C-alpha cells in the first residue's frame, strides 16, 4: 500500500463522506483515476438527485416587517435538528426564497430558524467550510480558541 493510499485510508475512517466526495470530484475532473466501480452506476447515483421538499401544512406570512428589532421582543433562534419538521420547514423556505434554491449541505453543518413569535422570518445555515475563514476571523477578532 502506498503512503498516499495509507494516509487516505486513515483519513477516510474519520472523514468518510468528505474524503469520498473529494476523491469523486478529483476523478470527475480527470485529475486522478479510481478503481472500477464495485456496483454499477455507483458514482453517478446522486449526481442528478434533487432534494425532496415538503410544503408546510400551514401558510407562512410574507407580510413585510417594519420598525426596529427592539420593537419585536419575541424574536428567537431555534436550532434545526436533523430529520425533524423544522428541517423540512428550513429546506422548504430556503428552496422557495433563496435565490439559489435549496441544495444539500455537504459535511458538518448548522441550521437555525429565526422566529418572531411563531412566525419564521429567517433561515441561517453554516457549512463546515465556513467555520474557519482566516480573513473574516481576523477582522472579527476571533482566534482558534474562540
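In the numbering used here, the protein residues as written are 210 to 355. Backbone N, C-alpha and C define an ideal beta-carbon position, used for all residues, glycine too. Computed from a predicted structure; not experimentally measured.
Between the CA atoms of residue j and residue i - distance to the nearest angstrom
i, j, result
"residue 234", "residue 241", "9 Å"
"residue 210", "residue 286", "Unreliable positioning characterises residue 210 in this predicted model, as indicated by a pLDDT of 49, which lies under 50. The coordinate reading is nonetheless provided below. Distance between the alpha carbons of residue 210 and residue 286: 49 Å."
"residue 349", "residue 314", "25 Å"
"residue 308", "residue 270", "19 Å"
"residue 346", "residue 320", "20 Å"
"residue 263", "residue 291", "15 Å"
"residue 274", "residue 305", "19 Å"
"residue 283", "residue 238", "49 Å"
"residue 278", "residue 324", "12 Å"
"residue 281", "residue 246", "56 Å"
"residue 327", "residue 272", "14 Å"
"residue 293", "residue 341", "27 Å"
Residue i in three-state terms, based on DSSP
i, result
"residue 273", "coil"
"residue 345", "helix"
"residue 358", "As displayed, the chain neither begins before 210 nor continues past 355, which places residue 358 out of reach and without an answer."
"residue 283", "coil"
"residue 329", "strand"
"residue 226", "helix"
"residue 335", "strand"
"residue 320", "strand"
"residue 232", "helix"
"residue 206", "A question about residue 206 goes unanswered here, because the residues of the chain that appear run from 210 up to 355."
Assumed close pair residue i, residue j - CB separation to whole angstroms, cut-off 8 Å
i, j, result
"residue 318", "residue 335", "6 Å"
Residues near residue i in its chain [Cβ-Cβ closer than 8 Å; skip 5 each side]
i, result
"residue 322", "286, 287, 289, 295, 298, 299, 302, 329, 331, 332, 333"
"residue 226", "315, 316"
Spatial neighbours of residue i in its chain, beta-carbon cut-off 7 Å, leaving aside the 5 residues before and after
i, result
"residue 230", "315"
"residue 337", "316, 317, 318"
"residue 265", "298, 301"
Contact test: residue i Cβ vs the ligand PLP heavy atom, cutoff 7 Å
i, result
"residue 323", "Among the components modelled here there is no ligand, and therefore nothing to report on the ligand PLP."
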